[in-house]
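*Asks:* Have a look at this one.
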Amino acid sequence: MRLHISDVGVRFNKITALRGVHASADGGKIIAVLGPNASGKTTLLRLIAGLLSPTYGKIELDGIRVDRMKPYDRASKVSWVPRVAEVAGAFTIRRVVELGRYALGPSTVRVDEALARVDLLDRSESLWHEASAGMRQRAAFARALAQRTPGGLIVLDEPSSALDLQHLQSLGDLLRRCASEGDIVIAALHDISFAMEIADEAVVLKEGQVVLAGQTRAVLTPSSLGGVFGVDLAWAVDDAGKRHLVMP
Amino acid sequence: MRIRTLSIIVFLGICLIVAALVRLLITRDVDDGSITFSLPEDRFFIYRFVPLIAAFIVGSGLGVSGMGLQVLLRNPLASPWILGLSSGAGLGVMTMMFVEHTYNVGFLGGQSIGAVIGAIVTLSLVYLLSRRRGGIDPITMVLVGVVISVLCGAGIMILQHAVPMGLRGAFTTWLMGSLPEIEAWWKLTVLGVITLLGILLIAWWGPTLDAACLSDDEATSVGVDLPNIRRKLFVTSSVLAAIGVILAGPIAFVGLIAPHGARLFIHGSHRVLTLTTAIVGALLLVCADDIRQLIDVGSGRLPIGIVTSVFGGIVFLVLLLRNRGRI
Amino acid sequence: MRNFIIVSLLFVFGACHPNSGQVEQGDVRIISISPGITNTIIDAGYEQFLVGRSPFCFHADQEIPVVGDLRNIDYERLLRLSPTHVFVQKTASGIDAHLLALATQGNFELRTWPLNRVSDIQVIYGDVTEMFGDLRLSFQIDTSENQLVPSPILVITQGVQGNAGLSFGKETYIDDVLQMMGVENVVHQSGWVSLSLEDIGRLQPKAIIVVSDSLINEGSLSSIRSVGYRVIPFVHEHVLVPSSYIVDVAKKLQEVIIEP
């Protein structure tokens, strides 16, 4: 699968949320999208997931405009994990995950597998409104896992914000696994350390424009990120030079 | 369907049959008000059977309409009246009465015609005014429905000042809701069939309604064509509610309470919830009609709308307190 | 400058005060907030004294200003009309407290009457003729026991489609008329009673009179006809509002219900 973003911009009334975005990605990669608040990360992710049409430009998945696909057809190619999952009504966690199979047909095996991967299988009969924020976030990811077709596109908007360390590590493992099966994984992240840990490539936005893009280790440096966020960053690396800890 | 769910539906069905039998059997002496349970004489049977059929049609239709609108508007307090349907149909009825009086003409079925026209005009207005970017915006729809309701109410008050007391009285009675004791069989059949089709349609869309309970982005991402299902749900729910108004006037609370009553037993599947809500809605209305046969405050039976409001309100409060956070 | 504007505005508003003319001694100015009382005043021949009415007093000259109804009185408008008399129907909730207070302060004479029975109408008629005429008068309802008048009878208003309207029970002005005609009312409860079609069937009236002050809806008639008894539609502009026009109502009613 190949994702191609050509000169995309979005305007909401008189506000330009995004402008002049060019990018492309192939299957098997994890791409982190970073940037300050209101830099256009969620807007970009929604465009990629086909949930929003660009004001100009186009986003194509294997040559087909992703925003012009019928939702039913797009569901087998693109999975979406929101920042905050919302459900109106009394649903169990299992039922919410099952909804990921809406367009693809029910599959108890896929649902159980997805629940197990996010460590929710034994809590699947809990009611959604009684679940913690972390549980809901994991359930939303499980839904995407139950929905995804290997080799497709997974788009995640800050999937780690409510996760504890154990589940954060699980998330990283799962995303790597999806990428290894040929998925394009695109995730908006606030946690730069986590981004450096799992992402192959990074795109950094500021005020609606891409200011940095490329290999993660090359793009995410103390000086470049300090300039984007406007803060002095403390940067620590482990002895093996593999794990980075980045803090303001 | 799980055994537990099936058992619940069967149980509710049995309750409905029992309530229906009670309605057929309650005989109240006109003079001393004493109650006996017996089948009525042949010539009176129809005056119990027709309101029973009407209660089935109206109760199930209003219940499922309310459920559909609660999903459409993502609002657990939504009911058919939130779209201004009751006021719109009422304005239609009042206008028809005014026209008949002013021009000294009579239309057979004039009230029904007025209710239908009023309902169609109101719902069309609400639909057109709540469209955003090609689809229905739930929040706008609620606001527009409230405004139109108020405007229609004002229209009703103006017309009420222009008609004689007899018509005002008849209209006030219509406003309180009443199950017809006699009705043309073709009308009951046609409205009954349309109601059944509407309920089955919404049940058929059950899985889509489940997914539509997610946020807009999430529902779209799992494959739901939200503008399409909202349009279909709006039209079908409106037709079901309009049928209720045509047959029985605006009957309060059934459309609000029935879905919540059904949700006490059914979770996570709107297909099953739709069928359960239809049974609960019919059960509520038949029970209300049973209750009103037993109550005489000295001026005859209470209008059914008063019974559904009083008991429905109490039941809703109990539901609210028991299920805080779950509704 | 500001003071000048305020004074000018006060002058303008003062000049706009209506009814700045004097009410001469002996002028009678009646406000009636009850359609039944208004109709009785008109029937008694004193319409020229009416200066204010309720919105439901359709029989009065519609040019006469409206001052509100029993639930909602426009006190300012009422006072601006400088009434000498205010007539109000007594209801279960009593008399409007502010109206009572205004009367006590001497703004006008307040008279209230119940208005349910023929005897109530007689009292109003007598009081009105005594107040504004030379003599206390009464009216006579001409009835005679007639073998051709069916009994018992049900008198009912037109209802909504598929249902019966409200029926006139005991202690209503229609019941009084029926008694004068020697006709039994099938309804034994007092006041306006809601009956189902089955109830009506069980009561077995010899005739059902569907009354209205305007056109009777064919749907209502067909619902009542389904019970299987003789149904007589009766339209009279004063049948639903008790007033001294009950004389004409009773006369016309007897004409229609005599059995063919």
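One line per chain: the protein sequences are A, B and C, in this order.
Numbering follows the numbering used here, in which position 44 of the first sequence is assigned residue number 111; successive positions increment by one, without gaps.
Numbering follows the numbering used here, in which position 161 of the second sequence is assigned residue number 162; successive positions increment by one, without gaps.
Numbering follows the numbering used here, in which position 177 of the third sequence is assigned residue number 218; successive positions increment by one, without gaps.
From the three backbone atoms N, C-alpha and C, an ideal C-beta is built for every residue, glycine too.
1. Using the rule of at least 16 other Cβ atoms within 10 Å of the residue's Cβ for burial, across every protein chain shown, is Asp290(B) buried or exposed?
2. On a Cα-Cα basis, can you pick out the residue from Ile221(A), Val145(A), Arg203(A) and Pro103(A) that is closest to Leu230(A)?
3. Just to make sure I have the definition right: I need the residues of chain B whose C-beta is within less than 8 Å of the C-beta of Glu212(C). Which are they?
4. What residue from Val191(B), Thr37(B) and Leu73(B) has the CA that sits closest to Ser131(B)'s CA?
5. Suppose you measure from the CA of Gln89(C) to the CA of Asn105(B); what does that come to, to the nearest Å?
6. Take the Cβ of Val308(B) as the centre, count every other Cβ of all protein chains shown within 10 Å, and call the residue buried at 16 or more, exposed below.
7. Give me the residue from Ser237(A), Asp224(A), Glu165(A) and Lys144(A) with the minimum Cα distance to Glu250(A).
8. Is His139(C) buried or exposed, if buried means 16 or more other CB atoms sit within 10 Å of its CB?
9. Return the chain-ordered list of same chain residues with a C-beta closer than 7 Å to the C-beta of Glu65(C), the five sequence neighbours on each side being excluded.
10. Which residue comes first and which comes last in the beta strand (DSSP E) that contains Trp233(C)?
11. Three-state secondary structure (DSSP) at Phe209(C)?
12. Please classify Asp254(C): is it buried, with 16 or more other beta-carbons within 10 angstroms of its beta-carbon, or exposed?
13. Let me make sure I understand the geometry here. Which of Val304(A), Gly297(A), Tyr169(A) and Leu112(A) has the alpha-carbon closest to that of Pro315(A)?
14. Residues in the same chain with beta-carbon distance under 7 Å from Ser192(C), minus the five sequence neighbours each way, listed in chain order, please.
15. Residues bridged to Leu223(A) by DSSP?
16. Under a three-way DSSP split, which group does Asp175(C) fall into?
17. Whose Cβ in chain A lies nearer than 7 Å to the Cβ of Ser216(B)?
18. Give a yes or no on whether 8 Å exceeds the smallest Cβ distance from Ala157(A) to chain B.
19. For Asp140(A) and Gly117(A), what's the separation of their Cα atoms in angstroms?
20. Apart from the five residues just before and just after Ala204(B), which ones in its own chain have a Cβ nearer than 7 Å to its Cβ?
21. Answer with buried or exposed for Asp137(C), where buried requires no fewer than 16 other C-beta atoms within 10 angstroms of its C-beta.
22. Got a sec? Which residues, its chain only, sit under 6 Å from Arg78(A) by beta carbon, not counting five neighbours each side?
23. Could you tell me which chain B residues have their CB closer than 7 Å to the CB of Gln214(A), listed as they occur along the chain?
24. Please look up how many angstroms separate the CB atoms of Gly178(B) and Pro251(B), rounded, as I've assumed it's under 8 Å.
25. Quick one: what does DSSP say Asn258(C) is sitting in, helix, strand or coil?
26. To the nearest angstrom, report how far apart Glu278(C) and Leu151(C) are at their CA atoms.
27. Is it true that the CB of Thr278(B) sits closer than 8 Å to the CB of Ala253(B)?
28. Would the stretch 204-219 of chain A and the stretch 98-118 of chain A be scored as touching if the rule is three or more Cβ pairs under 8 Å?
29. For chain C, check one thing: does any of its Cβ atoms lie closer than 8 Å to the Cβ of Gly111(B)?
30. Among residues of its own chain, excluding the 5 on either side of Arg29(B), which ones have a beta-carbon nearer than 7 Å to its beta-carbon?
31. Residues in the same chain with beta-carbon distance under 6 Å from Gly109(C), minus the five sequence neighbours each way, listed in chain order, please.
32. Return the residues of the stretch 238-271 of chain B that lie within a Cβ-Cβ distance of less than 7 Å from chain A, sorted by chain order.
33. Taking only beta-carbon positions, decide if Phe45(B) is within less than 8 Å of chain C.
34. Assuming Ile197(C) and Gly206(C) make a contact with CB atoms under 8 Å, what is their CB distance in whole Å?
35. Give every residue of the same chain whose Cβ lies closer than 6 Å to the Cβ of Gly193(B), excluding the five residues on either side of it in the sequence, and list them in chain order.
36. Beta-carbon of Thr309(B) versus every beta-carbon of chain C: anything under 8 Å?
*Replies:* For this structure:
1. buried
2. Arg203(A)
3. Near Glu212(C) there are no residues of chain B at all, since even the closest Cβ is about 12 Å away, more than 8 Å.
4. Leu73(B)
5. 30 Å
6. buried
7. A quick correction: the sequence has Asp, not Glu, at residue 250(A). Residue Lys144(A) is the option with its Cα nearest to Asp250(A).
8. exposed
9. Low local confidence applies: a pLDDT of 36 at Glu65(C) is under 50, so the model's placement there is unreliable, and no value is given.
10. Trp233 to Ser235
11. strand
12. buried
13. Gly297(A)
14. Val224, Glu225 and Lys247
15. Val148(A) and Ala254(A)
16. coil
17. Pro149 and Glu153
18. yes
19. 11 Å
20. Arg272, Thr275 and Leu276
21. buried
22. Thr122
23. Val223
24. 6 Å
25. coil
26. 28 Å
27. no
28. no
29. yes
30. Ile36 and Gln294
31. Asp115
32. Arg264, His268 and Gly269
33. yes
34. 5 Å
35. Ile58
36. no
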